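Read through the structure below, which is laid out as structure tokens, and then see the notes.
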């Protein structure tokens, strides 16, 4: 971005150049427009406060890490019980696409995209986070492992199982 | 290191060095010493033959064939993770060749590979989303109520109306003070002190609030009030001047528009 490669980018820079990316990752993680906006705001706020430690490298990777951390913080706050990893039935029922679903014009099959999002929402947080960081944010396994604080082998397993579960949930779809 | 039991002990026998010697794990110096000792010592030569026999027997055992069930279960449980890693190019090249060979021979793994590849492709084909307007606002600005309006209308909307009413009420007091002092024909005396300003608020604001929130003009209010037992004079005890009323209406509309 700027000539000073190690400087933390300002929220304006991030909003200007990576706003779509940031919102997309946030939306794919949360599945809700409201939550995605809150997530984006929280990330921008952390940038603004300079709370995030920027390691020069892929800015998108770095943004994904912050976004994931904020997202997981939120989950930890919501879920008082650490054993409650799977979303309960009420939570699952709540996870339908919002009425004001963002336009997905660029996609040739918008309904498939919506179905995939719904299937993502149905995954447990640990599988969804791994899959989104890999397939939406495009992070390498090693970076995902760092973001989530788990070994690479765990990341590999979560990504694979997440995709397999996703395929199962979309079994009605043509291959 | 290894010489203590063999060479260093004068006339000593190599003992446990024999196995290491036979396995070629001794330093050349030690190996030469053991060899020359064995040549000259019949006891050690006999021990060498015994050790050598046992060693060769163990080494000649045939490789066992793994039960087929083990090989079948392995890919389903463990190769699975690797299939996704292969797709993501997160695996060593030499390992990859073995996996490709396995996929060609194992329909179950090939099917799983295709399933996961399908999900991966669909995930990656999902579009980037445009953030709705206002998402990328300055982070230090508090969220505007507009974003959550449909949700909050039911509960906090009323609170905002109440807050607006309070602000209007306070404004009425101030406006009343200013206007009455400015108007030459003001009937009531100018309220100067803070205490008396406070007491003047309820008197003036109580008739004003219905006007604000029912969006009716004061004359309609008086007219409709006239039908009831309560006379117009009681509904509007303070004959507020038209300019005060219009300012009030403006202020309240502004407040309602911006807060609710």
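Residue numbers (the numbering used here), protein chains in the order written: chain A, 1 to 175; chain B, 1 to 260. The beta-carbon is built from N, C-alpha and C at its ideal position, and this holds for glycine as well. It should be emphasised that the depicted structure is a prediction, and the values quoted were computed from it without experimental measurement.
Tell me the DSSP secondary structure of residue i in three-state form.
i	result
residue 173 of chain A	coil
residue 80 of chain B	helix
residue 41 of chain A	helix
residue 66 of chain A	helix
residue 44 of chain B	helix
residue 137 of chain B	coil
residue 58 of chain A	coil
residue 27 of chain B	coil
residue 17 of chain A	helix
residue 29 of chain A	helix
residue 73 of chain A	helix
residue 91 of chain B	coil
residue 132 of chain A	helix
residue 12 of chain B	coil
residue 99 of chain A	With a pLDDT of 39 at residue 99 of chain A, under the threshold of 50, the modelled position of this residue cannot be trusted, and the question is left open.
residue 130 of chain B	coil
residue 85 of chain B	helix
Counting only C-beta atoms, is residue i closer than 7 Å to chain D at any point?
i	result
residue 90 of chain B	Of the protein chains in this structure, namely A and B, none is chain D.
Give a yes or no on whether the C-beta atoms belonging to residue i and residue j are separated by under 7 Å.
i	j	result
residue 8 of chain A	residue 42 of chain A	no
residue 48 of chain B	residue 18 of chain B	yes
residue 124 of chain B	residue 115 of chain A	no
residue 23 of chain A	residue 40 of chain A	yes
residue 119 of chain A	residue 155 of chain A	no
residue 128 of chain A	residue 84 of chain B	no
residue 126 of chain A	residue 158 of chain A	yes
residue 160 of chain A	residue 80 of chain B	yes
residue 21 of chain B	residue 31 of chain B	yes
residue 118 of chain B	residue 167 of chain A	yes
residue 44 of chain A	residue 107 of chain B	no
residue 51 of chain B	residue 44 of chain B	no
residue 152 of chain A	residue 141 of chain A	yes
residue 139 of chain A	residue 165 of chain A	no
residue 67 of chain A	residue 147 of chain A	no
residue 59 of chain A	residue 132 of chain A	no
residue 113 of chain A	residue 126 of chain B	yes
Taking the continuous alpha helix (DSSP H) assigned at residue i, which residues delimit it?
i	result
residue 261 of chain B	With chain B represented from 1 up to 260, any question about residue 261 of chain B goes unanswered, as that position is not in the structure.
residue 50 of chain A	Segment: none, residue 50 of chain A is in no alpha helix (DSSP H) and carries neither H nor E.
residue 121 of chain A	110-122
residue 144 of chain A	141-148
residue 20 of chain B	17-22
Closer than 6 Å to a non-hydrogen atom of the ligand SAH - does that hold for the CB of residue i?
i	result
residue 159 of chain A	This structure simply doesn't include the ligand SAH, nor any ligand for that matter.
Residues of the stretch 101-130 of chain B whose Cβ lies closer than 8 Å to any Cβ of chain A, in chain order: So the close ones are 112, 114, 115, 116, 118, 119, 120, 122, 123, 124, 125, 126, 127, 128, 129 and 130.
Residues, ordered as in the chain, of the stretch 117-141 of chain A that lie near chain B by beta-carbon distance below 9 Å: 117, 119, 120, 131, 132, 134, 135, 136, 138, 140 and 141
Chain B contacts from the stretch 149-168 of chain A (Cβ-Cβ distance under 7 Å): Only 156, 157, 159, 160, 163, 164, 166 and 167 from the stretch 149-168 of chain A bring a Cβ to less than 7 Å from some Cβ of chain B.
Residues of the stretch 30-56 of chain A whose Cβ lies closer than 9 Å to any Cβ of chain B, in chain order: 33, 34, 36, 37, 38, 40, 41, 42, 43, 44, 45, 46, 47, 48 and 49
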